Amino acid sequence: MDYARFFSDDVASFLPSPVREIFRKVDLSAICSFAGGYPDAATFPLREMPELTARVLEKYGSRALQYGATQGVPELRALLAEREGVSPDEVQITTSSQQGIDVCARILLNPGDRVHVQEPTYLGALQSLRAYRAETVALPASLGDARAVPGAKYIYVIPDFSNPSGETLSLPEREALVDFARREDLLIVEDSPYRALRYEGTPLPTLRSLAPERTLYLGSFSKIFAPGFRLGWMVGPPELLGKVYLCKQALDLCPPVFDQYLATEFLASGALDRNLARSVELYRGKRDRMCDLLARYMPEGVRWTHPEGGLFLFVRLPEQIDTVALYDEALSAGVAYVAGSFFYPDGSHRNTMRLNFSFVAPEKMEPGIRLLASLIRNKLSL
Ligand SMILES: Cc1ncc(COP(=O)(O)O)c(C=O)c1O
2 MDYARFFSDD VASFLPSPVR EIFRKVDLSA ICSFAGGYPD AATFPLREMP ELTARVLEKY
62 GSRALQYGAT QGVPELRALL AEREGVSPDE VQITTSSQQG IDVCARILLN PGDRVHVQEP
122 TYLGALQSLR AYRAETVALP ASLGDARAVP GAKYIYVIPD FSNPSGETLS LPEREALVDF
182 ARREDLLIVE DSPYRALRYE GTPLPTLRSL APERTLYLGS FSKIFAPGFR LGWMVGPPEL
242 LGKVYLCKQA LDLCPPVFDQ YLATEFLASG ALDRNLARSV ELYRGKRDRM CDLLARYMPE
302 GVRWTHPEGG LFLFVRLPEQ IDTVALYDEA LSAGVAYVAG SFFYPDGSHR NTMRLNFSFV
362 APEKMEPGIR LLASLIRNKL SL
């Protein structure tokens with residue numbers, strides 16, 4: 002049967018994720034994988050889970066297994082509101098921040114609308130924006146007296162330890178971005194799933210705190226609790242969250258209730274912050290190790306970012322190296338990365354790659370980087 006005529010016009014704009022394709026093709030545990038954005042499983046509170054689960058069942062009983070409010074359970078919204086310094090009516094629980102990105106696109110964009118993005122930027126956001134047939138346009142490099150492109154609705158930005166670059170916007174850059182948004186009357190979607198994973202330096206104000214009237218802030222439990230729960234939150238003006246609320250009704254009625262109560266108890270007991278402190282220690286060590294190994298093994302002319310937090314660093318290779326073309330060879334040799342060009346809407350910058358330092362087992366990091374460096378060295382000597 003030919004199904005073509007049944008599909009909506011949107012389907013043609015769906016973009017497959019090369020990162021997810023990699024996961025389908027290979028068993029990542031069998032190689033040195035710097036590809037995915039997975040947390041280290043050692044940060045998951047496995048040992049605490051039986052007690053946490055029992056506590057949720059005892060305290061909330063059948064409520065934990067019932068449908069819940071579309072905005073999220075009140076207990077978790079209250080805790081998050083307190084952490085974010087806002088009132089509970091400014092908090093919406095999401096079924097992860099990927100859903101938050103998608104819901105923002107869904108309530109704000111018509112086909113042909115434009116969104117300013119950093120380049121490179123998160124592939125999952127590019128997938129959502131494409132799916133709603135929006136056009137992404139690079140955020141101007143200098144925002145001082147820049148104009149937004151016609152038809153621009155909002156800026157999608159990852160100010161803290163971006164995926165894929167690992168870079169963080171400085172305070173002057175944040176202020177310039179907020180000025181630009183105010184001058185050009187744009188909303189801001191601030192995607193910040195890594196904000197709590199800071200390994201050095203002092204936290205900078207969120208864009209939301211600088212421009213609360215025009216920012217939808219997206220937080221996530223994926224990197225500070227466990228991604229399998231698919232839980233996140235959104236903070237924004239109640240007028241905008243009202244539309245998110247309607248959209249969520251159609252999407253999934255409510256976020257996962259049992260998971261929300263687990264997060265509530267984990268947060269309220271202080272266990273989340275204790276676990277987070279251990280994760281930060283672990284990841285700081287892994288980041289330092291990866292930077293040391295890159296310095297030791299990479300040939301002349303290779304540059305990389307030094308992330309103050311998050312899970313990634315971004316590598317720039319000499320122009321003649323094509324990381325898309327190198328990929329299969331690297332995989333057969335036993336090392337995986339994500340080509341940096343996948344994070345550019347136009348597929349440019351083929352001499353870049355994203356490396357994740359959180360997931361790889363400690364004993365595999367050195368062989369992996371040594372292998373990658375030798376593949377690059379071979380290409381350079383051709
Ligand atoms: C910048 C960014 N936003 C959103 C997400 C999605 O995270 P979640 O698990 O909360 O959906 C990721 C995941 O890697 C990400 O890197």
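Converting from the sequence shown to the working numbering requires adding 1 to each position, the first position being numbered 1. Idealized CB from N, CA, C, for every residue including glycine. Computed from a predicted model, the values in this text were never measured in an experiment.
- What first and last residue would you give for the beta strand (DSSP E) that runs through D396? Nothing in the structure corresponds to residue 396, since the chain is present only between 2 and 383.
- Query: With respect to 7 Å, is the separation between the Cβ of I159 and the closest non-hydrogen atom of ligand 1 below this value?
  - Reply: Checking the Cβ of I159 against ligand 1 gives yes.
- Task: Determine the DSSP secondary structure at S98, reduced to helix, strand or coil.
- Result: Helix at S98.
- Task: Give the secondary structure of T71 by DSSP, where H, G and I count as helix, E and B as strand, and everything else as coil.
- Result: DSSP places T71 in the coil class of the three-state scheme, outside both helix and strand.
- Message: Less than 8 Å between the C-beta atoms of R134 and S14, yes or no?
- Response: Yes, the Cβ-Cβ distance between R134 and S14 is below 8 Å.
- Query: Exposed or buried, which one is Y68 when buried takes at least 16 other CB atoms within 10 Å?
  - Reply: Around the C-beta of Y68, fewer than 16 other C-beta atoms lie within 10 Å, and the residue is accordingly described as exposed.
- Message: So, with DSSP's three-state summary, where would you put G243?
- Response: It is helical.
- Is N164 near ligand 1, going by C-beta to nearest heavy atom under 7 Å? Yes - ligand 1 has a heavy atom lying nearer than 7 Å to the Cβ of N164.
- In the DSSP assignment, find the alpha helix (DSSP H) that holds F267 and state where it starts and stops. Looking at the DSSP string, the run of the alpha helix (DSSP H) that includes F267 is V258 to A269.
- Query: Using a threshold of 7 Å, is the CB atom of G271 nearer than that to any non-hydrogen atom of ligand 1?
  - Reply: Outside the cutoff, so no.
- Message: Helix, strand or coil, according to DSSP, for A149 in the structure here?
- Response: Coil.
- Starting from the C-beta of P308, find all residues in its chain whose C-beta is less than 6 Å away, skip the five residues before and the five after it, and write them out in chain order. Around P308: F162, G167 and L314.
- What's the C-alpha gap between L252 and T122? Rounded to the nearest angstrom, the two C-alpha atoms are 25 Å apart.
- Tell me whether I370 sits in a helix, a strand or coil according to DSSP, three-state version. In the structure shown, I370 sits in a helix (DSSP, three-state: H, G or I).
- Determine the closest residue to E120 out of T353, L295 and S171, with distance taken between C-alpha atoms. That would be T353, whose Cα lies nearest to the Cα of E120.
- Query: Between Q93 and ligand 1, is the CB less than 7 Å from at least one heavy atom?
  - Reply: Because no heavy atom of ligand 1 lies under 7 Å away, the Cβ of Q93 does not count as near it: no.
- Task: From the DSSP output, read off the bridge partner residues of Y157.
- Result: Beta-bridge partners of Y157 (DSSP): V118 and V190.
- Query: Cβ of V74 within 8 Å of Cβ of R115?
  - Reply: When the beta-carbon positions are compared, V74 and R115 stay at least 8 Å from each other.
- Look at Q93 and M235 and say whether their C-beta atoms are less than 8 Å apart. For Q93 and M235, yes; Cβs fall inside 8 Å.
- From what residue to what residue does the alpha helix (DSSP H) around M2 run? Counting along the chain, M2 falls outside any alpha helix (DSSP H), and DSSP gives it neither H nor E.
- Message: When you compare the stretch 235-247 with the stretch 88-105, are there three or more beta-carbon pairs, one atom per stretch, that lie closer than 8 Å?
- Response: Counting C-beta pairs with one atom in each stretch, the stretch 235-247 and the stretch 88-105 have three or more that are closer than 8 Å, which means they touch.
- Message: Measuring alpha carbon to alpha carbon, tell me which residue in G202, F358, R304 and Q100 is nearest S387.
- Response: One cannot answer for residue 387 here, as it falls past the ends of the chain, which runs 2 to 383.
- heavy atom of ligand 1 below 7 Å from S280 C-beta: No, the Cβ of S280 stays beyond 7 Å of every heavy atom of ligand 1.
- Query: Is the distance from the Cβ of P194 to the Cβ of K154 below 8 Å?
  - Reply: Contact check for P194 against K154 fails: the beta carbons are separated by 8 Å or more.
- Would you mind giving the Cβ-Cβ distance between V190 and Y157, rounded to the nearest angstrom? I have them listed as a contact below 8 Å. Yes, V190 and Y157 are in contact; Cβ-Cβ is about 5 Å, under 8 Å.
- Task: Please state if the CB of V104 and the CB of V245 are separated by a distance shorter than 8 Å.
- Result: Against a cut-off of 8 Å, the Cβ pair of V104 and V245 comes out as a contact.
- Task: With DSSP as the reference, label Y218 as helix, strand or coil.
- Result: In the structure shown, Y218 sits in a strand (DSSP, three-state: E or B).
- Query: By DSSP, does N276 sit in helix, in strand, or in coil?
  - Reply: Here N276 carries a helix assignment [DSSP, helix/strand/coil].
- Query: Where does M354 sit, in a helix, a strand or coil, going by DSSP?
  - Reply: Looking at M354 - three-state DSSP - the assignment turns out to be strand.
- Message: Looking at the strands, I want to know which residues DSSP matches up with R317.
- Response: For R317, which the question treats as bridged, DSSP gives the partners R304 and T353.
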